[in-house]
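S.K.: Shown below is the structure under consideration.
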Amino acid sequence: MWDTAHLRVADVVQACLRTDLPKGFTMSENTQISTGDAFENLLHEERRFPPSEDFAANAIGSADLYEQGREGPEFWARQARELLTWHEDFSQALDWSEAPFAKWFVGGKINAAYNALDRHVEQGRGDRVAIHFEGEPGDTLTYTYAELTTAVKKAANAFQSLGVAKGDRVAVYLPMIPEAVITMLACARIGAVHSVVFGGFSADALRSRIDDAEAKLVVTSDGTYRRGKPSPLKPAVDGALERPGHTIENVLVVKRNGEPVEWTEGRDVWWHDAVGSASDEHTAEGHDSEHPLFILYTSGTTGKPKGILHTTGGYLAQTAFTQKYTFDLHPETDVFWCTADIGWVTGHSYVAYSPLVNGATQLMYEGTPDTPHQGRWWELVEKYKVSILYTAPTAIRTFMKWGRDIPAKFDLSSIRVLGSVGEPINPEAWMWYREIIGGNGGRAEGRAPIVDTWWQTETGAHMIAPLPGVTACKPGSAQVPMPGIAVDVVDEMGQSVPNGAGGYLVIREPWPAMLRGIWGDPERFKETYWSRFENMYFAGDGAKRDEDGDIWLLGRVDDVMNVSGHRLSTTEIESALVSHPSVAEAAVVGASDETTGEAVVAFVILRGSAAQDDDVVTTLRNHVGKEIGPIAKPRNILVVPELPKTRSGKIMRRLLKDVAEGREVGDATTLSDPTIMQQIAASLRK
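Here the sequence shown stands for residues 75 to 760, where the numbers follow the working numbering.
So, in structure tokens, the structure goes:
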């Protein structure tokens, strides 16, 4: 943890924040805008990109899926039987009698690992590649379905030999290596509950999660590789277990980078010893459909960590369905690459589980996008002929900043579907993604559909996304609820808003992959998600419906600003800023203002060729006014070298808000680079 006491970023920027910029903007007479409780609907998008005739003709999903989805639980029962293999069939699709605690596929028995592995081997697909692994140093490893099945059986036997039984919790603190997926599936196989903790989290964060889950085993590695250097992992586990009172009996250690590690005899066990010597014979038994599959702790919480609980049958059904239809998956020919770390829910749902349940081939990469060079991802796309790429807007904006010349050096012609996840994507970033990455480095017309997916750790699987063979995609919009999902946008009273209005994103009906609670805290579950609107799950996000009825995500309601009575979305103002050719990235926060209540403060990263001077600030303010309206003009625009982001790529707006409001900067330990705030301070001193 770096000491902020000496830094006082706020002192550095006080002069910037006290400039005599106009305040109290008013809208022009012909501008119609509501000042009620709903969010303002300011940006409009005219561009539409329907699928090509060839894509639509060969697509797996068709428009009638939406009609089928209106059948509710019976639609999901049909999907569960078609996509999964059950040890024992279920007798009831949904039991909602104890709402908001759902039970899906009641009475069914299923094994997640069997569905991901054994059945493909039994059906003659054992030689199909399951995982292409590439380490950051360039080492490679390929697992066929038969080989991965054997590896998981051996790990399951090893875990049981260490005393792990059905229902026990296993903490997983691993990098993006095959052993991470093997560990998760081995837990699922024996009915143990895995709790993956992102490998960049601190010893204290790891310990709090171990304690909350009362984990019995930790699986970790000596280290990993990051930005061209060995990076240790096991020391964090050792630090987490220094204090007495934990429940851990063993630490199972994968040898990844060969760095020396401290060793606790009787507790620490090498993976290659325990798993290497284990039997490769193991029979997968069926577990109850509602048997816990994993606990995943949401990041950024204060106080007691919030363990999101997911169970087996419903989660597998919806993740398999969404991976198949959201990405138009053809498992016999596609190579799927989800770039998310397994420490996040995206890495659970669209790396560890659904690609394997669907029998697909996927790429798994350990390292960062810029090691050993900024074209590393595109080099991998070319090498493995990746056809479906699923990544985050923060990565896309970074690539935009680096320039189109880098992807243009590689053959990206294999890409046929692009996906976005993690936060709303600015329309201009969406267009760059389509034209440059979907257009083979800009050499061809961008034809790959982009599926912008909205979902959460809590929802388990995609909830809003276009179907690429059906929907005319719209830059920046997640567009439509998935078939079988009842999403709505409501006002303060819980009433649906009309097209052209904004409000709060809710889910009106239960869904198969929904969280079953917060681990050990049912009251917190009800209070957090079900108390705001009666009989509706409140996602915590703002959203709007455009004139076509398509849904646009506006970010967390905590990120909505109230400027002179107008509720403005940070997302829309950021989109307006990024649409200017000088801006690579932008983050917007609200700051207290004596006149308007709140004022807009923007932090921008300029593209390499853009000059940093007073003119660019004026130009950008006027650009926002032109794109949205005078009310949205930032009071201040601060040019910075980087933005503070968590390890999952989310912008830490609370730190920027500290700067904007003249406070000392808060805890920055969860940033991917804790020195970013110092860099921002240095840049603002100039």
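By construction, the Cβ of each residue, glycine as well, lies at the ideal position given by its N, Cα and C atoms.
(1) So who's on the other strand from Ser494, going by DSSP bridges?
(2) Can you look up Thr231 in the DSSP assignment and give me helix, strand or coil?
(3) Tell me the rounded alpha-carbon separation between Leu694 and Gly543.
(4) Could you compute how far the alpha carbon of Pro549 sits from the alpha carbon of Val409?
(5) If you drop the 5 nearest sequence neighbours on each side, which residues of the same chain put their C-beta closer than 7 angstroms to that of Ser165?
(6) Tell me, please, whether the region 398-413 touches the region 617-631 by the rule of three or more beta-carbon pairs shorter than 8 angstroms.
(7) Could you compute how far the alpha carbon of Pro655 sits from the alpha carbon of Leu628?
(8) Below 8 angstroms on the Cβ atoms is my contact criterion, and I expect Gly496 with Lys227 to pass it. Report the Cβ-Cβ distance as a whole number of Å.
(9) Please classify Gly198 as buried or exposed, where buried requires at least 16 other C-beta atoms within 10 Å of its C-beta.
(10) Please state if the CB of Val238 and the CB of His268 are separated by a distance shorter than 8 angstroms.
(11) For Leu745, which residues of its own chain have a beta-carbon under 7 angstroms away from its beta-carbon, when the five flanking residues on both sides are left out?
(12) By Cβ distance below 6 angstroms, which residues in the same chain neighbour Gly374 in space, the five residues on each side in sequence not counted?
(13) Going along the chain, which residues of its own chain have a beta-carbon closer than 7 angstroms to the beta-carbon of Gln106, five neighbours each way excluded?
(14) Who are the Cβ neighbours of Phe207 in its own chain at under 6 angstroms, not counting the five residues just before and after it?
(15) Can you find the residues in the same chain that come closer than 7 angstroms, C-beta to C-beta, to Ala277, ignoring five residues on each side of it along the sequence?
(16) Within the chosen definition, does the region 483-490 reach the region 514-526 through at least 3 CB pairs nearer than 8 angstroms?
(17) Consult DSSP for Pro211 and reduce its assignment to one of helix, strand or coil.
(18) Mind checking Asp362: buried by the 16 CB within 10 Å criterion, or exposed?
(19) Of all the options Lys290, Lys380, Glu156 and Asp128, which has the alpha carbon lying nearest to the alpha carbon of Thr602?
(20) By Cβ distance below 6 angstroms, which residues in the same chain neighbour Val691 in space, the five residues on each side in sequence not counted?
(21) Checking 8 angstroms against the spacing of the C-beta atoms, do Val678 and Gly664 come in under that value?
(22) Would DSSP call Ala673 helix, strand or coil?
(23) Since Ala266 and Asp242 should fall inside the 8 angstroms C-beta cutoff, what is the C-beta to C-beta distance between them, to a whole number of angstroms?
(24) Quick one: complete alpha helix (DSSP H) runs, 4+ long, within the region 418-455?
(25) Tell me which residues share the same chain as Arg598 and place their Cβ nearer than 7 angstroms to its Cβ, disregarding the 5 neighbours each side in the sequence.
(26) How is Thr216 classed by DSSP in three states: helix, strand or coil?
(27) Mind checking Ser351: buried by the 16 CB within 10 Å criterion, or exposed?
(28) Looking at the structure shown, is Thr223 part of a helix, part of a strand, or coil, going by DSSP?
(29) I need the DSSP call for Asp138, collapsed to helix, strand or coil.
(30) My understanding is that Ile625 touches Ser551, with C-beta atoms under 8 angstroms, so please give their C-beta distance in whole angstroms.
(31) State the Cα-Cα distance for the pair Ser649 and Gly520, rounded to the nearest angstrom.
(32) Quick one: is Glu502 buried, meaning 16 or more other Cβ sit within 10 Å of its Cβ, or exposed?
(33) Let me know the secondary structure DSSP gives Ser351 once reduced to three states.
(34) From Asn231 to Thr393, what distance separates their C-alpha atoms?
(35) Only counting the same chain, and skipping five residues up and downstream in sequence, which positions put a Cβ closer than 6 angstroms to that of Gln448?
(36) What do you get for Met588, buried or exposed, if any count of 16 or more other CB atoms within 10 angstroms of its CB means buried?
M.R.: Result, derived from the coordinates:
(1) For Ser494, the beta-bridge partners assigned by DSSP are Thr465 and Asp526.
(2) First, the amino acid is wrong: residue 231 is Asn here, not Thr. Note: Asn231 maps to helix in three-state DSSP.
(3) Distance between the alpha carbons of Leu694 and Gly543 is about 37 angstroms.
(4) So the two alpha carbons sit approximately 25 angstroms from each other.
(5) Around Ser165: Val180 and Gly181.
(6) Not touching, per the Cβ criterion.
(7) About 22 angstroms.
(8) No, Gly496 and Lys227 are not in contact; Cβ-Cβ is about 34 angstroms, not under 8 angstroms.
(9) Burial check for Gly198: the Cβ neighbour count within 10 Å stays below 16, so the residue is exposed.
(10) Going by C-beta atoms, His268 is not nearer than 8 angstroms to Val238.
(11) So the qualifying residues of the chain are Pro718, Lys719, Thr720 and Met726.
(12) With a pLDDT of 39 at Gly374, under the threshold of 50, the modelled position of this residue cannot be trusted, and the question is left open.
(13) The predicted position of Gln106 is uncertain, since its pLDDT is 31 and thus under 50; a value taken from the coordinates is nonetheless stated next. Contacts found: none.
(14) The residues Leu215, Pro252 and Met438, in chain order, have a CB closer than 6 angstroms to that of Phe207 in the same chain once the five nearest residues on each side in sequence are set aside.
(15) Cβ neighbours of Ala277 beyond the five flanking positions: Ala310, Gly313 and Ala314.
(16) Contact holds: three or more Cβ-Cβ distances are below 8 angstroms.
(17) Here Pro211 sits in coil by DSSP.
(18) Buried is the call here.
(19) Measuring from the Cα of Thr602, the nearest candidate turns out to be Lys380.
(20) Hits under 6 angstroms: Ile711.
(21) For Val678 and Gly664, no; Cβs fall outside 8 angstroms.
(22) Ala673 falls in the strand class under three-state DSSP.
(23) Confirmed, Cβ separation roughly 5 angstroms.
(24) Within the region 418-455, the complete alpha helix (DSSP H) runs of at least 4 residues are 428-431.
(25) Around Arg598: Ile592.
(26) DSSP places Thr216 within a strand segment (E or B) once states are collapsed to three.
(27) Taking all protein chains in view, the Cβ of Ser351 is surrounded by fewer than 16 other Cβ atoms within 10 Å, so the residue is classified as exposed.
(28) If DSSP states are grouped into helix, strand and coil, Thr223 belongs with the helices.
(29) Correct three-state label for Asp138: helix.
(30) Right, the Cβ-Cβ distance comes to about 7 angstroms (below 8 angstroms), so this counts as a contact.
(31) Going by C-alpha positions, Ser649 is about 21 angstroms away from Gly520.
(32) The residue is buried, with at least 16 neighbouring Cβ atoms inside 10 Å.
(33) Ser351 sits in coil when the DSSP states are folded into three classes, being neither helix nor strand.
(34) Their Cα atoms are separated by approximately 27 angstroms.
(35) For Gln448, the CB contacts under 6 angstroms within the same chain, skipping 5 residues up- and downstream, are Trp476 and Ile480 in chain order.
(36) Its Cβ being crowded by 16 or more others within 10 Å, Met588 is buried.
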